[in-house]
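This report refers to the structure that appears directly beneath it.
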Amino acid sequence: MEQLLKHLEKVKIFSYEKVRIDSHICELHYRLTTLILFTLTMIITITQLFGTPINCIQSSSGSSSKTHPIPEKVMNTFCFTQSTFTYINESRSPLTYPGIRISDGNTEYVRYHSYYQWVPILLFIQAMTLMTPHYLWKDKEGGLMGKLLKTNEHYMLNNSIGRIGQFSKVSSYIIKRHGSWDGYAYCYLINILCNTGAVFLNIYSTELLLGGYFKYLGNEFVNYLWNRDEHRVKPTNPLDISFPKMTKCTFHKYGPSGTIESVDAMCILPLNNFNEKIFIFLWFWYLILFCISICYSFVKINQGIVTMSKNMFLMRRSFSIQRGVKDEDMKVLLSRLDTSQWFVIDIIRINLSPLYYKNFIESLVEEVTNKKLDNKHSNNNNNIVIVADTSNMANGQIGNDHRGNTDPHS
């Protein structure tokens, strides 16, 4: 038993040495997702700079181009910077290469591809978009939670006496600043809502970059994998349509007599092998992250509504107050704490293990109860004085006796 107690004394009160000002759901946005996006940005950038993003094979309808072909490097650079194109297969008939066929002069069924130039920039901007709400919230928070909990790598509350004293100080500070936590709580809620908005902006920007093909990309890909060949609506992989590996490019130049000659090229895009996997992953990841963000925003808004409703059962469920706190004490907390104070308590809960969070709630109850008792005693004393003064005014006896006793010789 003594050995067990010694091990328990080594348990840290706070789950992390560094004070946290938001939850794991928020960390999914500004930590994990940004890490993924920055990693993908580096992969695509390195591939574009040191790999072969495009390789074009040219042919020409002009005689001069047969004797003087366009240099391969010039052709590749032109097609990469000026975009390539494919044909939309309205007949849905199988093609040797998806989107590659003989031109019939109808430009209505031509789809241009230039997004691959902007993929690294887009991913970098999306990573910064997801980081912005956290750093704005961190700036507004100003390290208040760290000062409140007084925890860093040099200071930890490892003993019960220090823990009780610290919890008492934190509880007293929260209660004394009643009504002054509104701005803190509003910024915390805005941070959570901005995380949801940032995910939506990333989805929308990706949709714009891919020309409207992103929103159905995951559905079509799943249908393509799920159905058998004879049941497929489209004979080609939807990823080959959105991210073609084989495209066409037309280079126009002047001939010896000033005639405009067209150099037709078929371009291979190895870069789209990476792009298709990146964006199909982002489709599922953004979908999951957006659903989580919506649910988490709803939970936090619901917490605010619950604190205003003063429903004891819902409060216990919303703020993980299950055991160790009696209903009478919960009523005291509900009557004394406002919505913003409950949000501060919720942030403190993130930094505490369940055991110490229970101890903190108990110290908060004790602080509120003691303060209420002190106020009750002071009110009772005031009532006694008021009653005494009223009696004096009624018959004048107490006042006369008091004045008569002022003389020690009487």
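Here the sequence shown stands for residues 1030 to 1439, numbered as in this note's numbering.
Note that beta-carbon positions come from the ideal geometry of N, C-alpha and C, so glycine has one too.
May I ask you to verify whether the region 1077–1087 touches the region 1157–1175, counting CB pairs closer than 8 Å and requiring at least 3?
-> At 8 Å Cβ cutoff, the stretches do not touch.
Can you tell me the Cβ-Cβ gap for P1267 and L1298, rounded? I've got them flagged as a contact below 8 Å.
-> As a working note, residue 1267 is residue 238 in the sequence shown. As a working note, residue 1298 is residue 269 in the sequence shown. Actually they are not in contact, since the Cβ atoms of P1267 and L1298 sit about 16 Å apart, beyond 8 Å.
Which one of Y1385, I1323, Y1283 and M1337 has the shortest CA to CA distance from S1349?
-> As a working mapping, residue 1349 is identified with position 320 in the sequence shown. Comparing alpha-carbon positions, the option among Y1385, I1323, Y1283 and M1337 lying closest to S1349 turns out to be Y1385.
Per DSSP, R1140 forms a beta bridge with which residues?
-> Along the sequence shown, one-based indexing puts residue 1140 at 111. The partner list for R1140 (beta bridge, DSSP) reads T1115.
List the DSSP bridge partners of H1058.
-> For the purposes of this step, residue 1058 is taken as the residue at position 29 of the sequence shown. According to DSSP, which records beta bridges pairwise, H1058 is partnered with nothing at all.
CB-CB under 7 Å to L1222, same chain, minus the five flanking residues each way: which ones, in chain order?
-> Position 193 of the sequence shown, counted from the first residue, corresponds to residue 1222. Excluding five sequence positions before and after L1222, the CB atoms of its chain that fall closer than 7 Å to its own CB belong to S1326, given in chain order.
Under a Cβ-count criterion, where at least 16 other Cβ atoms within 10 Å of its own Cβ denotes burial, should S1364 be classed as buried or exposed?
-> By 1-based counting over the sequence shown, the position of residue 1364 is 335. Exposed, because fewer than 16 other Cβ atoms sit within 10 Å of the Cβ of S1364.
Counted within 10 angstroms of its Cβ, other Cβ atoms place M1337 as buried (16 or more) or exposed | Your numbering for residue 1337 matches position 308 in the sequence shown. Exposed.
In the DSSP assignment, what are the bridge partners of Q1332?
-> Here residue 1332 corresponds to residue number 303 of the sequence shown, with the count starting at 1. For Q1332, which the question treats as bridged, DSSP gives no partner whatsoever.
Under three-state DSSP, which class holds H1281?
-> Within the sequence shown, numbered from 1, the residue matching residue 1281 stands at position 252. DSSP, read as helix, strand or coil, puts H1281 in strand.
Using DSSP with H/G/I as helix, E/B as strand and the rest coil, what is I1350?
-> Reading the sequence shown from its first residue, position 321 is the one you call residue 1350. Looking at I1350 - three-state DSSP - the assignment turns out to be coil, as it is neither helix nor strand.
Supposed contact pair T1070 and P1149 - C-beta distance, whole angstroms, cut 8 Å | By one-based count along the sequence shown, residue 1149 stands at place 120. By one-based count along the sequence shown, residue 1070 stands at place 41. Yes, P1149 and T1070 are in contact; Cβ-Cβ is about 5 Å, under 8 Å.
Which residues in the same chain as M1341 place their Cβ atom closer than 6 Å to its Cβ, once the five residues preceding and following it in sequence are excluded?
-> Taking the first residue of the sequence shown as 1, we reach residue 1341 at position 312. Non-local beta-carbon contacts of M1341 in its own chain, meaning distances under 6 Å to residues more than five positions away in sequence, involve M1359 in chain order.
Pairwise C-alpha distance: T1063 and K1329 = Within the sequence shown, the letter at position 300 stands for residue 1329. Within the sequence shown, the letter at position 34 stands for residue 1063. Those two C-alpha atoms are separated by around 23 Å.
Identify every residue that forms a DSSP beta bridge with M1275.
-> Translated into the one-based positions of the sequence shown, residue 1275 becomes position 246. Paired residue(s): I1297.
Reduced DSSP category for N1266 - H, G, I as helix; E, B as strand; rest coil | Counting from one through the sequence shown, the residue named residue 1266 turns up at place 237. Note: N1266 maps to coil in three-state DSSP.
Using DSSP with H/G/I as helix, E/B as strand and the rest coil, what is N1340?
-> Here residue 1340 is taken as the residue at index 311 of the sequence shown, counted from 1. Reduced to three states, the DSSP call for N1340 is coil.
Taking 9 Å as the cut-off, decide whether the C-beta atoms of Q1332 and F1372 are in contact.
-> Within the sequence shown, numbered from 1, the residue matching residue 1332 stands at position 303. Within the sequence shown, numbered from 1, the residue matching residue 1372 stands at position 343. Pairing Q1332 with F1372 gives a Cβ-Cβ distance under 9 Å.
Can you tell me whether H1431 is buried or exposed, with buried defined as 16 or more other CB within 10 angstroms of its CB?
-> Working through the sequence shown from its first residue, we reach residue 1431 at position 402. Legend: pLDDT at H1431 = 37, less than 50; position of this residue unreliable, value from coordinates given subsequently. When all chains shown are included, H1431 counts as exposed.
Below 9 Å between beta carbons: does that hold for Y1059 and Y1164?
-> Against the sequence shown, residue 1059 aligns to sequence position 30. Against the sequence shown, residue 1164 aligns to sequence position 135. Against a cut-off of 9 Å, the Cβ pair of Y1164 and Y1059 comes out as a contact.
Which whole runs of the alpha helix (DSSP H) in the region 1195–1255 are 4 residues long or more, in chain order?
-> List check, alpha helix (DSSP H) in window: 1211–1238 and 1246–1255.
CA-CA distance, Y1213 and S1197?
-> As a position in the sequence shown, residue 1213 is number 184, starting the count at 1. As a position in the sequence shown, residue 1197 is number 168, starting the count at 1. For the pair Y1213 and S1197, the Cα-to-Cα distance works out to about 21 Å.
Rounded separation between T1276 and K1169 - CA only = The count along the sequence shown starts at 1 and reaches residue 1276 at position 247. The count along the sequence shown starts at 1 and reaches residue 1169 at position 140. In this structure, the straight-line span from the alpha carbon of T1276 to that of K1169 is close to 50 Å.
Span of the alpha helix (DSSP H) around I1099 = On the sequence shown, residue 1099 is found 70 positions in, with the first residue counted as 1. In the DSSP annotation of this structure, I1099 is not part of any alpha helix (DSSP H), being labelled neither H nor E.
Going by the C-beta, is V1361 closer than 8 Å to any heavy atom of the ligand PLP?
-> As for the ligand PLP, it is missing from this structure, which has no ligand bound.
Looking only at C-alpha atoms, which of Q1111, A1227, I1334 and V1292 sits nearest to W1147?
-> For the purposes of this step, residue 1147 is taken as the residue at position 118 of the sequence shown. For W1147, the nearest C-alpha among the options comes from Q1111.
Is the number of C-beta pairs between the region 1228–1241 and the region 1307–1318 that are closer than 8 Å three or more?
-> Contact between the region 1228–1241 and the region 1307–1318 is present, because at least three Cβ pairs lie under 8 Å.
Are V1139 and F1114 closer than 9 Å when you measure CB to CB?
-> As a first step, residue 1139 is located in the sequence shown; it is residue number 110 there, counting from the start. As a first step, residue 1114 is located in the sequence shown; it is residue number 85 there, counting from the start. Contact flag set, yes.
Beta bridge counterpart(s) of S1291 as assigned by DSSP = Residue mapping note: residue 1291 aligns to position 262 of the sequence shown, counting from 1. S1291 is bridged by DSSP to H1281.
Locate the alpha helix (DSSP H) running through Q1155, then write down its first and last residues.
-> To locate residue 1155, count along the sequence shown from 1; it is residue 126. Where Q1155 is concerned, the enclosing alpha helix (DSSP H) stretches over V1148 to E1170.
Three-way DSSP call (helix, strand, coil) for L1366 in this model | As a first step, residue 1366 must be located in the sequence shown, where it is residue number 337. Residue state, collapsed to three classes: coil.
Roughly how many whole angstroms lie between the Cα atoms of I1117 and N1220?
-> Taking the first residue of the sequence shown as 1, we reach residue 1117 at position 88. Taking the first residue of the sequence shown as 1, we reach residue 1220 at position 191. Distance between the alpha carbons of I1117 and N1220 is about 43 Å.
Burial state of W1210 (16 or more Cβ within 10 Å) = Here the question's residue 1210 lines up with position 181 in the sequence shown. By the neighbour-count rule (16 or more Cβ atoms within 10 Å), W1210 is buried.
Buried or exposed (CB count within 10 angstroms, at least 16 for buried), S986 | Residue 986 is absent from the model: the chain starts at 1030 and stops at 1439.
What's the C-alpha gap between Q1195 and D1367?
-> The count along the sequence shown starts at 1 and reaches residue 1195 at position 166. The count along the sequence shown starts at 1 and reaches residue 1367 at position 338. C-alpha separation (whole angstroms): 22 Å.
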